[in-house]
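Converting from the sequence shown to this note's numbering requires adding 201 to each position, the first position being numbered 1.
From the three backbone atoms N, C-alpha and C, an ideal C-beta is built for every residue, glycine too.
Just so it is clear, the structure is predicted and the values come from calculations on it, not from any experiment.
The structure under discussion appears below in the form of structure tokens.
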Amino acid sequence: MSLELGSLEKAIEALGRSLRVIEAESDSANSDLIETLRAGVVQNFEVAYEQSWKMMKRWLEANVGSVEVDGVTRRQLFRLCHESRLIDDVDAWMGFHKSRNETSHTYDAETADDVFNMAKVFLPAATDVLSRIAARND
């Protein structure tokens, strides 16, 4: 069963685009603009992270079996992804998960900075997952 990857591709592209825009505007003295752009990066990170782990889960269900995947914790899911060679680093993905949860429960300037920095690390990892799933999407 071939998975539709369009929503994941768009989410990753949006995150990359928002990171490029804020990088281009990094010298701006307009703090409101920078704050708004950072909020956009955080929001795009949230969407891309959610799309990524859900697509990994769908791939595992289709290729490993739903019995193996149903009801597992996020750490177990990422371990299965590692065993299936979709990701290289379970701990990194748990870090992305932690950052995503932080945006749901607490949102202040420090959290926004942490998640913004994590988004920069997340982008290549998400791009890698997408390419691995696309290469094995049959």
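Around the beta-carbon of Ala225, fewer than 16 other beta-carbon atoms lie within 10 Å, marking it exposed. DSSP, reduced to helix, strand and coil, places Glu214 within a helical segment of the structure shown. Ranked by how close their Cα comes to the Cα of Trp254, the residues Ser229, Ala293 and Ser203 have Ala293 in first place. By the beta-carbon neighbour count (other beta carbons within 10 angstroms, threshold 16), Asn231 is exposed. Taking one beta carbon from each stretch, the region 256–263 and the region 202–221 have 3 or more pairs nearer than 8 Å; the two touch. Spanning the alpha carbons of Glu236 and Glu269 requires a straight line of approximately 42 Å. In this structure Ala313 is in contact with Val243, their Cβ atoms being roughly 6 Å apart against a cut-off of 8 Å. In the displayed model, Ile288 falls within coil according to three-state DSSP, outside both helix and strand. In terms of Cβ geometry, Phe297 and Phe317 do not form a close pair [threshold 8 Å].
Taking every protein chain shown into account, the CB of Leu234 has fewer than 16 other CB atoms within 10 angstroms, so this residue is exposed.
Using a Cβ distance threshold of 8 Å, Asp315 and Glu303 count as a contacting pair.
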